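Q:
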Amino acid sequence: MDLYDENKKLTGEKVFREKGKKALVPNGKYTVVVLAFIQNSLGSFLLQKTSVRKKGVWAVSGGHVKSGQNSLEAIKEELREELGLNLKNNEIELFKTYKYDTAFSDVFYIHKDIDLNKLVFEPDEVEYATFLSKDKILELISDGTFRKNNIEACLDIFEKYT
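In the working numbering, the protein residues as written are 147 to 308.
#1: Comparing alpha-carbon positions, which option in Tyr255, Ser288, Arg293, Phe267 lies nearest Phe191?
#2: Pull up the distance between the alpha-carbon of Lys175 and that of Val272, whole angstroms please.
#3: For Ser197 versus Asp270, is the C-beta spacing smaller than 8 Å?
#4: What's the call for Asn235, buried or exposed, on a 16-neighbour Cβ count within 10 Å?
#5: Ignore the nearest five residues each way along the sequence and tell me which others in Ile184's own chain have a CB closer than 7 Å to its CB.
#6: I need the straight-line Cα distance from Val206 to Lys195, nearest angstrom please.
#7: By alpha-carbon positions, which one of Asp252, Asn173, Gly230 ends up nearest to His210?
#8: What alpha helix (DSSP H) runs, 4 residues minimum, are completely inside the region 163-193?
#9: So within the region 249-278, which uninterrupted beta strand (DSSP E) runs reach at least 3 residues, ignoring any that extend past its ends?
#10: Can you name, in chain order, every residue of its own chain whose Cβ lies under 6 Å from the Cβ of Glu228, other than the five neighbours on each side?
#11: Whose CA, out of Thr177, Lys264, Gly290, Ile303, lies closest to the CA of Lys245?
#12: Distance check for Asn263 and Phe250, CA to CA, integer angstroms please.
#13: State the start and end residues of the unbroken alpha helix (DSSP H) segment that holds Phe304.
#14: Pick from Ile238, Lys201, Glu239: whose alpha carbon is nearest that of Thr291?
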């Protein structure tokens with residue numbers, strides 16, 4: 147993955163990450179991760195139940211931006227890999243960028259009706275997916291079964307889109 151400075155500017159440095167392990171990001175440097183919140187016309191959001199390897203929690207699709215990729219390319223790749231979705235650039239809106247200790251998180255919003263029967267899951271990452279209401283997602287957050295690093299963005303998305 148490419149490394150960035152505190153202003154999200156490329157440094158020209160890279161860090162390697164083994165699948166399933168955290169990258170060792172040097173102090174003062176950052177990687178970029180992406181998340182996608184997909185809302186249908188009924189106001190529900192597409193969540194995936196992650197695989198046992200991914201701790202079996204509820205989450206939105208996302209992942210790490212690979213070296214040489216931009217965030218839009220990365221989220222399209224993650225949606226394709228995890229769910230079999232092929233989206234066009236104009237269907238994907240950058241909602242907000244968050245800055246954390248070792249990463250920037252680019253959060254995307256997509257308003258689209260998706261046929262759950264046409265999704266194709268990456269079994270190593272996703273057990274299944276479904277649309278859930280805001281209230282049900284708030285229950286998952288409350289009971290600790292929603293991925294912790296998705297919560298802040300989720301609440302901000304709710305504030306704007308529900």
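Quick reminder that beta carbons are idealized off the backbone N, C-alpha and C, glycines included. Since we're looking at a predicted model, the values are computed, not measured.
A: Judging by the given coordinates:
#1: Tyr255
#2: 30 Å
#3: yes
#4: Of the other Cβ atoms in all chains shown, fewer than 16 fall within 10 Å of the Cβ of Asn235; this residue is therefore exposed.
#5: Phe191, Leu192, Ile256, Lys258, Ile260
#6: 9 Å
#7: Asp252
#8: Those alpha helix (DSSP H) runs which fall completely within the region 163-193 and span 4+ residues do not exist here.
#9: DSSP runs (the beta strand (DSSP E)) wholly in the region 249-278: 249-257, 272-278.
#10: Ser207, Glu268, Glu271, Val272
#11: Of the listed residues, the one whose Cα sits closest to Lys245 is Thr177.
#12: 33 Å
#13: 297-307
#14: Lys201
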